[in-house]
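Written out below as structure tokens is the structure these notes cover.
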Amino acid sequence: MKTNSIMLKLFPFLSWLPMLSKEIVKNDIIAGIVAGILILPQAIALATIAGMPPEYGLYTSIFPVLITAFYGSSWHVLSGPNTALVVMISMSILPYASIQTPDYISYVITLTFMVGAFQLFFGYMRWGAVFSYFSHTVMVAIVTGVGVVIIVQQIGDFTGITINKPEPLEDTIVQIFHSLYLTNGYALSIAATTFITGYIVKKYIPKIPYLIAAIAAGMLLGFILDMIVGLNNVGVYMLGHLSLSALPLSAPDFSPENFAEAAVGLIPAAFVISIMGLIQSTVIAKTMSVESGQPIDMNQEVIGQGLSNIAGSFLSCFASAGSFNRSASNMETGGKTPLVGIISAIFLGLLIFVASPILATMPIPVMAGVLVLVGMGLIKMKDIKKMIGVRGAGRWIFLITLGTTLYGGLEFGVVVGAFFSIVAYLKSISAPDIELLFPEEAEAYNPHNVDNTTVLHVAGSLFFGSITSLEFSLADLAKEEGRQKTLVIAGEHIINIDQSGYELLINEVQKRRKSGGDFHLWLRDNKLDDGIKEFGLLNVLGKENIHYAKEI
3 MKTNSIMLKL FPFLSWLPML SKEIVKNDII AGIVAGILIL PQAIALATIA GMPPEYGLYT
63 SIFPVLITAF YGSSWHVLSG PNTALVVMIS MSILPYASIQ TPDYISYVIT LTFMVGAFQL
123 FFGYMRWGAV FSYFSHTVMV AIVTGVGVVI IVQQIGDFTG ITINKPEPLE DTIVQIFHSL
183 YLTNGYALSI AATTFITGYI VKKYIPKIPY LIAAIAAGML LGFILDMIVG LNNVGVYMLG
243 HLSLSALPLS APDFSPENFA EAAVGLIPAA FVISIMGLIQ STVIAKTMSV ESGQPIDMNQ
303 EVIGQGLSNI AGSFLSCFAS AGSFNRSASN METGGKTPLV GIISAIFLGL LIFVASPILA
363 TMPIPVMAGV LVLVGMGLIK MKDIKKMIGV RGAGRWIFLI TLGTTLYGGL EFGVVVGAFF
423 SIVAYLKSIS APDIELLFPE EAEAYNPHNV DNTTVLHVAG SLFFGSITSL EFSLADLAKE
483 EGRQKTLVIA GEHIINIDQS GYELLINEVQ KRRKSGGDFH LWLRDNKLDD GIKEFGLLNV
543 LGKENIHYAK EI
């Protein structure tokens, strides 16, 4: 048994390989082919946002998928280029190099290795579960901000206007406003056709992959215009030749002469990107597990993501993470195991060598139209209305995080969002749920019908940061009715108690008995028995005054 456990830790894919029946393999092959087709346009689009040549997006859709298929925990999450991450990559590297230059590509590869190293460290420290506590409110704000940034950044290519993308968002908007008179009608018509086609197909013909339909429509119009006027002659340029390689080797560069200048920006960027990638990957894994019923080892999922990024840095990939669209499509098409990811990577590899001559003729405005569609897909108006409509802290957390993401940068948005998530989580556990039970509810905790009994229901954690509220409740009870009565703590839903919590209970027992009253404690099971004994509550309270839910 111990040997099996060690083998599964070293080779987690051994847990799903025995599941591969003829029927499952058939389903997974179909799902893998669909996934490979769907990622092709998105891979090129996201590489463009990252400031990388298109082929790097394709590599990132192949190699990280293979690694996470073998070393991730979820059987349904498909990794690859991630929209939020590519925006962060671009914003992190642009201050140090121009897009698609050798220096820029080198920085991105180095950043990818650092992201994977941080993630592997988090997995080694067994911090996987922490990332699933990221607030949904914060996630909606960050993703909305990413959507807006993508749309604004693509307006230049959409309209054929040259825009200085490294500028802050508000400056980019000002540039666009003052340059509208330079709009290239040919570029605008191609981009608009791409966008409108994708929007209509997505809304009214959802069975057809809308990005593929959008690209087909935009390329068709581009081909017609090229035949009539010649697109290069009117300032509309093509994607160009893809320099594809079957084994695209690369390596991070930490040499002082190349890395020192950018280190001050790359190190914090790698840390933030690693966290953002893990937040999204673990949230997706958690969502998929609810639908599939497969238990998830969050630490293994974190390790898988870390290994995929480290390996990816040696295979011309930029930082990757789980993709919700691809993972959801995987579930919908009947994928059962990580074989889907392996098939999708192999099929995509074959597909791009066949399709690369066609992709080279894609007009740049087509990519802009596709990216605007991607950006709009991230802006969920239903979720935004819900967040703004919520009264209290949730609304302000959403607005502050969104504002920080738009005007302070995505990396600051993630930091602010993480801070609010931690505060919200601490707030949720810092005050246990305390409720005075009515006589009808209290009867179950007073089987001997002892007169003058008060029952207080307590749920949550009793530790040094949370006991103040219980302390106040006990003091209020004492002030209102004295301590001559018997107090029963109905604590079946108490999660844990630390030394401070036990000391509070011991003090209350002693005060009650000194005043002529008594104290009883009801628990769900025996899991707190060691602490009750170790910290002295058992000696003070007495075994006969500790009860368990099974007795109710």
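Under the numbering used here, the first residue of the sequence shown carries the number 3, and numbering increases by one thereafter.
Beta carbons are placed, not taken as given, at the ideal position from N, Cα and C, and that holds for glycine.
Asked, Found
"Straight-line Cα distance separating residue 453 from residue 441", "11 Å"
"Reference residue 282, options 337, 321 and 521, closest by Cα", "321"
"Alpha helix (DSSP H) segments (min. 4 residues) lying fully within the segment 386-435", "395-409 and 412-432"
"Supposed close pair residue 244, residue 358 - CB separation, criterion 8 Å", "5 Å"
"Alpha helix (DSSP H) segments (min. 4 residues) lying fully within the segment 464-517", "469-483 and 501-516"
"Burial state of residue 164, where buried means 16 or more other Cβ atoms lie within 10 Å", "exposed"
"Check whether residue 40 and residue 328 have beta carbons under 8 Å apart", "yes"
"Run of the beta strand (DSSP E) containing residue 550, from where it starts to where it stops", "548-550"
"Buried or exposed (CB count within 10 angstroms, at least 16 for buried), residue 112", "buried"
"Ordered list of alpha helix (DSSP H) runs contained in the segment 4-30, each at least 4 residues", "4-12"
"Alpha-carbon to alpha-carbon, residue 349 and residue 306", "22 Å"
"Pick from 496, 534 and 543 that is closest to residue 512, judged by C-alpha positions", "543"
"Helix, strand or coil at residue 554 [DSSP, three-state]", "Unreliable placement is indicated for residue 554, whose pLDDT of 45 sits below 50; no coordinate value is reported for it."
"Per-residue DSSP class, three states only, for residue 160", "helix"
"C-alpha gap between residue 342 and residue 332, whole angstroms", "8 Å"
"Local conformation of residue 459 per DSSP, three classes", "strand"
"Buried or exposed by the 16-neighbour rule on C-beta atoms within 10 Å, applied to residue 554", "Below a pLDDT of 50, predicted positions are generally treated as unreliable, and residue 554, at 45, falls in that range; no measurement from the model is reported."
"Under 8 Å between C-beta atoms of residue 210 and residue 368", "no"
"N- and C-terminal bounds of the alpha helix (DSSP H) containing residue 346", "341-361"
"Meets three-Cβ-pair contact criterion under 8 Å: the segment 229-240 and the segment 403-419", "no"
"Member of 290, 431 and 325 whose CA lies at the smallest distance from the CA of residue 336", "290"
"Sub-8 Å separation of residue 428 and residue 143 beta-carbons", "no"
"Residue 82 vs residue 325 beta-carbon contact at 8 Å", "yes"
"In DSSP terms, what residue 82 is bridged to", "323"
"Rounded C-alpha distance that separates residue 30 from residue 20", "14 Å"
"Integer Cβ distance of residue 308 from residue 122, believed to fall under 8 Å", "3 Å"
"Pick from 76, 35 and 304 that is closest to residue 294, judged by C-alpha positions", "76"
"Inter-residue spacing [alpha-carbon to alpha-carbon] between residue 299 and residue 107", "34 Å"
"Exposure of residue 248, with buried meaning 16 or more beta-carbon neighbours within 10 Å", "exposed"
"Local conformation of residue 249 per DSSP, three classes", "coil"
"With 16 other Cβ atoms within 10 Å as the buried cut-off, status of residue 522", "buried"
"Assigned exposure category for residue 44 - 16 Cβ within 10 Å defines buried", "buried"
"Rounded C-alpha distance that separates residue 268 from residue 62", "20 Å"
"DSSP state of residue 365 mapped onto helix, strand, coil", "strand"
"DSSP state of residue 527 mapped onto helix, strand, coil", "coil"
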